[in-house]
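Working notes, beginning with the structure itself.
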Amino acid sequence: MNTLTKYCDTVTVRNTSDIVLARSCARALAARLGFGKADQTRLATAVSELTRNVIMYAGSGECNVTDTSDAEFNRIEITVKDHGPGIADIELAMQDGFSTGGSMGAGLAGTRRLVEDFSLESAPGLTKVTVSLSLRRT
Amino acid sequence: MRIAIPRLGRILLCAIQQDLSDDDALEFQSNLLSTIADVEALGVVIDISALDVVDSFMARVINDTASMARLLGAEIIVCGIQPFVALTLVEMGQGLLGANCTFNLEQGLKTLQARIALRGDFTATKDDDEHFD
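Protein chains in written order, with the numbering used here: chain A, 1 to 138; chain B, 1001 to 1133.
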């Protein structure tokens, strides 16, 4: 856990301390790519919400934090996936205030507002959420 | 991970110094509540200036802790929310964190003392009880 700022790639999400690890991993990469504190916080919070969903609904999963920067943009992409039961009604799950877990979490809709790109695919056995933030290179 | 809960008379001051896991947050909540009950604290200030992420779970733990503390009879103030944490919480959804907030510990303590003084019940003495005999 102490070396997480050195190398960030995949965090296996099994318990609530992995949520802390995953979000600090995302924040560390965002900071290294030059994102401001607001974006670092948005991203870390989004990762926190998504990985908590994994634990709550699927039990375990993984979180990939990837640097997908190109010549024009610095970009950070986060993929969170699990092999749980999947989301029955994606449209409903994306509505504001929706929750089946009784968690009163900010939900997927709240998480979506924190990032630029948000994509979600879900079927029984594989749920994958990808979010990203980008920053034009100066 | 145990968060120290120093005591100043019947006021508790606690500073969350590091990023907490959900389990740590819940442990903190129950420790704080039992301390409030043990010392019959009149007020509590929770300093969260060291937290650079407050997600919906943590926000709810803080809100719930505040409601629980009020049920026990204590006033509660949250202080030092980082600007980017405030920004993120509001963007994510209004009303995630609704506790009474102040900039810093000092202001929190003053607000708390004013509120306790307004409540006035801490001055309750035997004399007051005699009216009901």
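Virtual Cβ for every residue (Gly too), placed ideally from N, Cα, C.
Listed by chain order, chain B residues near residue i by CB distance under 7 Å
i                     : result
residue 68 of chain A : Here the premise fails: no neighbours, minimum Cβ distance about 22 Å.
residue 38 of chain A : 1084 and 1087
residue 17 of chain A : 1021
residue 44 of chain A : 1053
residue 14 of chain A : Per Cβ cutoff of 7 Å: no residues; residue 14 of chain A is ~12 Å from chain B at best.
Minimum C-alpha distance to residue i - residue among the options
i                       : options                           : result
residue 1029 of chain B : B:1095, B:1005, B:1110 and B:1010 : B:1005
residue 1031 of chain B : B:1054, B:1061, B:1050 and B:1051 : B:1061
residue 1117 of chain B : B:1075, B:1086, B:1053 and B:1008 : B:1075
residue 1003 of chain B : B:1091, B:1010, B:1015 and B:1011 : B:1015
residue 1159 of chain B : B:1035, B:1098 and B:1106         : Because chain B here runs from 1001 to 1133, residue 1159 of chain B falls outside it and cannot be looked at.
residue 58 of chain A   : A:39, A:41 and A:86               : A:86
Proximity test, Cβ basis, 9 Å: residue i and chain A
i                       : result
residue 1098 of chain B : no
residue 1021 of chain B : yes
residue 1068 of chain B : no
residue 1088 of chain B : yes
residue 1038 of chain B : no
residue 1054 of chain B : yes
residue 1043 of chain B : no
Within chain A, partners of residue i - CB distance below 8 Å
i                       : result
residue 1035 of chain B : Chain A residues near residue 1035 of chain B: none, gap ~23 Å exceeds 8 Å.
residue 1103 of chain B : Those do not exist, as residue 1103 of chain B stays about 18 Å from chain A at its closest Cβ, beyond 8 Å.
For residue i, the first and last residue of its enclosing alpha helix (DSSP H)
i                       : result
residue 92 of chain A   : 90-93
residue 1036 of chain B : 1022-1039
residue 46 of chain A   : 37-53
residue 18 of chain A   : 16-32
residue 1057 of chain B : 1056-1072
residue 75 of chain A   : No alpha helix (DSSP H) holds residue 75 of chain A; the beta strand (DSSP E) holding it covers 73-82.
Interface flag, residue i vs chain B, CB-CB below 9 Å
i                      : result
residue 95 of chain A  : no
residue 49 of chain A  : yes
residue 114 of chain A : yes
residue 84 of chain A  : no
residue 71 of chain A  : no
residue 109 of chain A : yes
residue 60 of chain A  : no
Contacts around residue i, its chain only, beta-carbon distance under 8 Å, and the 5 residues preceding and following it disregarded
i                       : result
residue 71 of chain A   : 137
residue 1103 of chain B : 1079 and 1080
residue 1064 of chain B : 1029
Chain-ordered neighbours of residue i on chain B, where CB pairs are closer than 9 Å
i                      : result
residue 132 of chain A : Chain B residues near residue 132 of chain A: none, gap ~17 Å exceeds 9 Å.
residue 137 of chain A : Neighbours of residue 137 of chain A on chain B: none; closest Cβ ~22 Å, over 9 Å.
residue 32 of chain A  : By Cβ distance, chain B contributes nothing, its closest Cβ being about 16 Å from residue 32 of chain A, past 9 Å.
Bounding residues of the beta strand (DSSP E) (the contiguous stretch that carries residue i)
i                       : result
residue 1005 of chain B : Careful: residue 1005 of chain B lies outside any beta strand (DSSP E) and carries neither H nor E.
residue 136 of chain A  : 126-136
Neighbourhood of residue i by C-beta, 7 Å cutoff - its chain only, sequence neighbours within 5 removed
i                       : result
residue 1131 of chain B : Unreliable positioning characterises residue 1131 of chain B in this predicted model, as indicated by a pLDDT of 46, which lies under 50. The coordinate reading is nonetheless provided below. The answer is none, since no qualifying residue turns up.
residue 90 of chain A   : 120 and 122
residue 1 of chain A    : Low confidence applies to residue 1 of chain A: its pLDDT is 43, below 50, so where it sits in the model is not reliable, and the reading given next is rough at best. Excluding sequence neighbours, residue 1 of chain A sits near 21.
residue 11 of chain A   : 18, 21, 22, 25, 62 and 63
Chain-order list of residues whose beta-carbon lies under 6 Å from that of residue i (same chain, five-residue window excluded)
i                    : result
residue 5 of chain A : Because the pLDDT at residue 5 of chain A is just 42, under 50, the model does not fix this residue reliably, and the point stays unresolved.
Contact list for residue i against chain A, beta-carbon separation under 7 Å
i                       : result
residue 1028 of chain B : Correct list: empty, because the minimum Cβ distance to chain A is about 13 Å.
Under 8 Å by beta carbon: chain B residues contacting residue i
i                     : result
residue 41 of chain A : 1052, 1053, 1082, 1084, 1085, 1087 and 1088
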